[in-house]
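Undergrad:
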Amino acid sequence: MKAGSNLERVLEAGHFAVTAECGPPRGADPDKVLQKADLVKGNVDACNVTDNQTSVVRMSSVAGCMLVKESGTEPLLQMVVRDRNRIALQSDLLGASALGVRNLLCLSGDHQKFGDDPQAKNVFDIDSIQLIHLVKTMRDEGVFPSGDKLEGAPKFYIGCAINPFADPFEIRVPRFKLKIDAGADFVQTQCIYNMDKFKRFMDEARKDGLHEKTKILAGVTPLKSAGMAKFMNRMVAGIEIPEEFIKRIADEPKEKQAAKGIEMCIEQIQEIKEMEGIAGVHVMAIEWEEKLNEIIGGAGLLPRPMVEQ
Amino acid sequence: MITGTPKPIEEILEMLEPYNNIVVAGCFGCVTVCRVGGDKEVQVLSSTLRLAREAAGKKIEIREVCLERQCDPEYLEPMRPYIEDYQAVLSIACGAGIQFMAEKFGKTPLLPGINTGFLGVTERQGEWTERCQGCGDCVLHLTGGICPVTRCAKSIFHGPCGGSVEGTCEVDKEVKCGWQMIIDRLVSLDQMENYGKLKPYKGWDASRDGGPRRIIREDMV
Numbered sequence: 002m003k004a005g006s007n008l009e010r011v012l013e014a015g016h017f018a019v020t021a022e023c024g025p026p027r028g029a030d031p032d033k034v035l036q037k038a039d040l041v042k043g044n045v046d047a048c049n050v051t052d053n054q055t056s057v058v059r060m061s062s063v064a065g066c067m068l069v070k071e072s073g074t075e076p077l078l079q080m081v082v083r084d085r086n087r088i089a090l091q092s093d094l095l096g097a098s099a100l101g102v103r104n105l106l107c108l109s110g111d112h113q114k115f116g117d118d119p120q121a122k123n124v125f126d127i128d129s130i131q132l133i134h135l136v137k138t139m140r141d142e143g144v145f146p147s148g149d150k151l152e153g154a155p156k157f158y159i160g161c162a163i164n165p166f167a168d169p170f171e172i173r174v175p176r177f178k179l180k181i182d183a184g185a186d187f188v189q190t191q192c193i194y195n196m197d198k199f200k201r202f203m204d205e206a207r208k209d210g211l212h213e214k215t216k217i218l219a220g221v222t223p224l225k226s227a228g229m230a231k232f233m234n235r236m237v238a239g240i241e242i243p244e245e246f247i248k249r250i251a252d253e254p255k256e257k258q259a260a261k262g263i264e265m266c267i268e269q270i271q272e273i274k275e276m277e278g279i280a281g282v283h284v285m286a287i288e289w290e291e292k293l294n295e296i297i298g299g300a301g302l303l304p305r306p307m308v309e310q
Numbered sequence: 004m005i006t007g008t009p010k011p012i013e014e015i016l017e018m019l020e021p022y023n024n025i026v027v028a029g030c031f032g033c034v035t036v037c038r039v040g041g042d043k044e045v046q047v048l049s050s051t052l053r054l055a056r057e058a059a060g061k062k063i064e065i066r067e068v069c070l071e072r073q074c075d076p077e078y079l080e081p082m083r084p085y086i087e088d089y090q091a092v093l094s095i096a097c098g099a100g101i102q103f104m105a106e107k108f109g110k111t112p113l114l115p116g117i118n119t120g121f122l123g124v125t126e127r128q129g130e131w132t133e134r135c136q137g138c139g140d141c142v143l144h145l146t147g148g149i150c151p152v153t154r155c156a157k158s159i160f161h162g163p164c165g166g167s168v169e170g171t172c173e174v175d176k177e178v179k180c181g182w183q184m185i186i187d188r189l190v191s192l193d194q195m196e197n198y199g200k201l202k203p204y205k206g207w208d209a210s211r212d213g214g215p216r217r218i219i220r221e222d223m224v
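Taken in sequence, the protein lines are chains A and B. Using the numbering used here, you'd call the opening residue of the first sequence number 2 and step up by one each time. Using the numbering used here, you'd call the opening residue of the second sequence number 4 and step up by one each time.
In structure tokens, the structure reads:
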């Protein structure tokens, strides 16, 4: 075991893993996190806590992780390199590990232009792939990147994100490979709607044996309405929802679109489960955590397995 | 070249409020090439200021000069005999030139007439784009001659990020994705092997982060 997290144990035991995410609130109210954590509990093996996603200021992801942990779910710390230089990254990693966080997702972070402080200075001292390398160095070699010995190495199951739909498509697998070379133990993908394109991506990844070098968790996001689908297509870079996918929801009357979205999400998970090289699913039910139980249960993934330490 | 943009005239007039006798100083270097701080711009700006101050009932005397370069000491010296006859200098050179003049003429307030931009190139008449951040550790030989520090909005070394869409950057549809350009170049140069290697963390100490920088060429000093 590299970090001994629940997520690592579940994956290493060969179970199909389930993760979800909790976005911390735009304020200091801990109850907002605890309420979401309550909806997540029992449905997942670990729960991502996002790090100022879309550059909108929120409660810190380390604090969010602690609240999720307190409420009985294993947290997965998201960390972006947009806001911290290597000094702050190392320091926060040590702190999070000391507090018992065992899963980490290394990200670039959305450009600050999209948030509420577009005039902020960005950092990008190292990039997300170098962050993977940095954490792995600390964990496995017990030293800082500077070479100094650590008084206790941080223990993280190291993850990264990939977007199989960003351009250029041909570079997606080589870039994924770079993340594995840097030390990624697992990967969570951007939400998938275009299954054909994702299958092509997986064909390429399997050719290089990448599915054997890392655990791939496929990302899904249930759609609440046809409007949400169109909005995401238009506004979110790297999201690609095929017209026929949207049409299936749009054909429903408005009040039945959400139920259709959930039904389609469950179908997707079932299809993903059968794909060779997929080790789990990452369900991003954005501000819709109350549906996690229905989606994950509907896909036949409950109860979650208990794997002994 | 170093590029720049004129400051709004209202901002300049506000800076000049306490003065009625100034020098407007241009530079025949980069700012002449990018048409923001040469002798022509000195003339136009001076005329505009005179007219505006006259209209406001607060006439201003302006001496117009344009120096060969404001960033070299020998070209600043000719100003020394008369500089103290004036209350201030409004310089439309780059920030380096303005500061150098301020250092040389300790008793004269220096006012910036332009906002200094970036190290860039002329795309076409009236359009300039950035190419270099002077980070002090060039990697262009590995990236197909396209700079990841400057051309990528996140300055990442293993791009493109998930925000690259059809060759453009998520930050602005008018901005090309630097990493798409790098990859296209590496493919056409048959150098894609450079892409697949992990690159070491960049030493930003060679950049501005190491503090104000200095170059000493022992063979020249």
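Using N, Cα and C, we set each Cβ at its ideal position, and we do this for glycine too.
(1) Along the region 181-212 of chain B, where does the CB come closer than 7 Å to a CB of chain A? Name the residues.
(2) Taking its Cβ as the centre, do 16 or more other Cβ atoms sit within 10 Å of K150(A), making it buried, or is it exposed?
(3) Could you check the C-alpha separation between E1(A) and E196(B) for me, to the nearest Å?
(4) Enumerate, from N- to C-terminal direction, the unbroken beta strand (DSSP E) stretches of 3 or more residues contained entirely within the region 148-213 of chain A.
(5) May I ask you to check if the CB of E275(A) is nearer than 7 Å to at least one heavy atom of the ligand COA?
(6) Among L48(B), D175(B), M4(B), G120(B), whose alpha-carbon lies nearest the alpha-carbon of E64(B)?
(7) In the structure shown, what three-state DSSP assignment does K3(A) receive?
(8) Tell whether a beta-carbon distance below 8 Å holds between T132(B) and V124(B).
(9) Smallest Cα separation from I181(A): which of E213(A), I273(A), T222(A)?
(10) With DSSP as the reference, identify every bridge partner of V81(A), one or two as the case may be.
(11) Quick one: what's got a C-beta closer than 6 Å to G213(B)'s C-beta in the same chain, skipping five residues either side?
(12) Measuring alpha carbon to alpha carbon, tell me which residue in W289(A), K274(A), V308(A), K292(A) is nearest G301(A).
(13) Is there at least one Cβ from chain A nearer than 8 Å to V26(B)'s Cβ?
(14) Beta-carbon within less than 6 Å of T146(B)'s beta-carbon, same chain only, minus the 5 sequence neighbours each way: which residues are those?
(15) Below 8 Å between beta carbons: does that hold for N104(A) and Q113(A)?
(16) Go ahead and pull the three-state DSSP assignment for P76(A).
(17) Restricting to Cα atoms, I'd like to know which of Q90(B), N118(B), R72(B) is closest to E14(B).
(18) How far does the alpha helix (DSSP H) with S92(A) in it reach, from first residue to last?
(19) For the region 175-191 of chain B against the region 121-137 of chain A, do three or more pairs of beta-carbon atoms, one drawn from each stretch, fall closer than 8 Å, so that the two count as touching?
(20) From what residue to what residue does the beta strand (DSSP E) around V221(A) run?
(21) Beta carbon of G220(A), beta carbon of I193(A): below 8 Å?
(22) Could you compute how far the alpha carbon of R72(B) sits from the alpha carbon of N195(A)?
(23) Out of Q120(A), M67(A), K198(A), E71(A), point me to the one whose CA is closest to Q79(A)'s CA.
(24) Determine, for H283(A), whether the minimum Cβ-Cβ distance to residues of chain B falls below 8 Å.
(25) Could you list which residues in chain B have their beta carbon closer than 9 Å to that of K114(A), in chain order?
(26) Under 8 Å: do the region 42-51 of chain A and the region 252-259 of chain A share three or more Cβ pairs, one atom per stretch?
(27) Give the interface partners of A280(A) over in chain B, defined as CB-CB distance under 8 Å, in chain order.
(28) Is H144(B) close to chain A, meaning its C-beta is less than 8 Å from at least one C-beta of that chain?
(29) What is the rounded straight-line gap between the Cα of M236(A) and the Cα of Q54(A)?
(30) Apart from the five residues on each side of it in sequence, which residues of its chain come closer than 8 Å, Cβ to Cβ, to G116(B)?
(31) With DSSP as the reference, label W289(A) as helix, strand or coil.
(32) Please list, in chain order, the residues of the region 112-142 of chain A that have any C-beta partner in chain B closer than 9 Å.
(33) Quick check: is the beta carbon of I159(B) nearer than 8 Å to any beta carbon in chain A?
(34) Can you check whether the CB of G181(B) is closer than 8 Å to the CB of N164(A)?
(35) Check whether the Cβ of C135(B) lies closer than 8 Å to any Cβ atom in chain A.
(36) Starting from G29(B), follow the beta strand (DSSP E) in both directions and report where the run begins and ends.
TA: Once the coordinates are examined:
(1) The residues in question are Q183, I186, Y198, G199, L201, Y204, W207.
(2) Here residue 150(A) corresponds to residue number 149 of the first sequence, with the count starting at 1. So K150(A) counts as exposed.
(3) Nothing about residue 1(A) can be read from this structure; chain A reaches only from 2 to 310.
(4) Scanning the region 148-213 of chain A for uninterrupted beta strand (DSSP E) segments of 3 residues or longer gives 158-163, 187-192, listed from N- to C-terminal end.
(5) Summarising the ligand content, the structure contains no ligands, and the ligand COA is consequently not present.
(6) Taking the first residue of the second sequence as position 1, residue 64(B) is located at position 61. Per the Cα distances, L48(B).
(7) What you label residue 3(A) is simply residue 2 of the first sequence in a count that begins at 1. Coil.
(8) Along the second sequence, one-based indexing puts residue 132(B) at 129. Along the second sequence, one-based indexing puts residue 124(B) at 121. For T132(B) and V124(B), yes; Cβs fall inside 8 Å.
(9) For the purposes of this step, residue 181(A) is taken as residue 180 along the first sequence, with counting starting at 1. The residue with the shortest Cα to Cα distance from I181(A) is E213(A).
(10) Within the first sequence, numbered from 1, the residue matching residue 81(A) stands at position 80. Answer is L108(A), bridged to V81(A).
(11) As a working note, residue 213(B) is residue 210 in the second sequence. Hits under 6 Å: none found.
(12) Position 300 of the first sequence holds residue 301(A). For the options W289(A), K274(A), V308(A), K292(A), the alpha carbon positioned closest to that of G301(A) is the one of K274(A).
(13) Taking the first residue of the second sequence as 1, we reach residue 26(B) at position 23. No - not a single Cβ of chain A is within 8 Å of the one on V26(B).
(14) Within the second sequence, the letter at position 143 stands for residue 146(B). The answer, listed in chain order, is I185.
(15) Position 103 of the first sequence holds residue 104(A). Position 112 of the first sequence holds residue 113(A). Their beta carbons are not under 8 Å apart, which means N104(A) does not touch Q113(A) by this criterion.
(16) Position 75 of the first sequence, counted from the first residue, corresponds to residue 76(A). The answer is strand: DSSP assigns P76(A) an E or B state.
(17) In the second sequence, the residue the question calls residue 14(B) occupies position 11. Per the Cα distances, N118(B).
(18) For the purposes of this step, residue 92(A) is identified with residue 91 of the first sequence, where counting begins at 1. Membership of S92(A) in the alpha helix (DSSP H) is indicated by the continuous run 87-99.
(19) no
(20) As a working note, residue 221(A) is residue 220 in the first sequence. Looking at the DSSP string, the run of the beta strand (DSSP E) that includes V221(A) is 216-221.
(21) Mapped onto the first sequence, residue 220(A) falls at position 219. Mapped onto the first sequence, residue 193(A) falls at position 192. Yes; because the gap between Cβ atoms is below 8 Å, this pair is in contact.
(22) The count along the second sequence starts at 1 and reaches residue 72(B) at position 69. The count along the first sequence starts at 1 and reaches residue 195(A) at position 194. Whole-angstrom Cα-Cα distance: 58 Å.
(23) By one-based count along the first sequence, residue 79(A) stands at place 78. Here the closest residue by C-alpha is M67(A).
(24) In the first sequence, the residue the question calls residue 283(A) occupies position 282. Answer no: the Cβ-Cβ gap between H283(A) and chain B never drops below 8 Å.
(25) To locate residue 114(A), count along the first sequence from 1; it is residue 113. Result: A156, E173, V174, D175.
(26) no
(27) Position 279 of the first sequence, counted from the first residue, corresponds to residue 280(A). Under the 8 Å cutoff, chain B gives no residues; its nearest Cβ is about 21 Å from A280(A).
(28) Locating residue 144(B) in the second sequence gives position 141, counting from the first residue. No, because no Cβ of chain A sits closer than 8 Å to the Cβ of H144(B).
(29) Locating residue 236(A) in the first sequence gives position 235, counting from the first residue. Locating residue 54(A) in the first sequence gives position 53, counting from the first residue. Approximately 15 Å between the Cα atoms of the pair.
(30) By one-based count along the second sequence, residue 116(B) stands at place 113. Closer than 8 Å at Cβ, skipping near neighbours: P9, K10, I15, V27, G40, L48, L93, S94, I95.
(31) Taking the first residue of the first sequence as 1, we reach residue 289(A) at position 288. Residue state, collapsed to three classes: coil.
(32) Within the region 112-142 of chain A, the qualifying residues are H112, K114, F115, N123, F125, D126, I127, D128, S129, I130, Q131, H134, L135.
(33) Within the second sequence, the letter at position 156 stands for residue 159(B). Cβ-Cβ to chain A under 8 Å: yes for I159(B).
(34) Working through the first sequence from its first residue, we reach residue 164(A) at position 163. Working through the second sequence from its first residue, we reach residue 181(B) at position 178. It is not a contact, given that the beta carbons lie outside the stated cut-off.
(35) Translated into positions along the second sequence, residue 135(B) becomes position 132. Taking Cβ atoms only, chain A never reaches closer than 8 Å to C135(B), which makes this a no.
(36) Taking the second sequence and counting its residues from 1, the one referred to as residue 29(B) is at position 26. Run containing G29(B): 24-30, per the beta strand (DSSP E) assignment.
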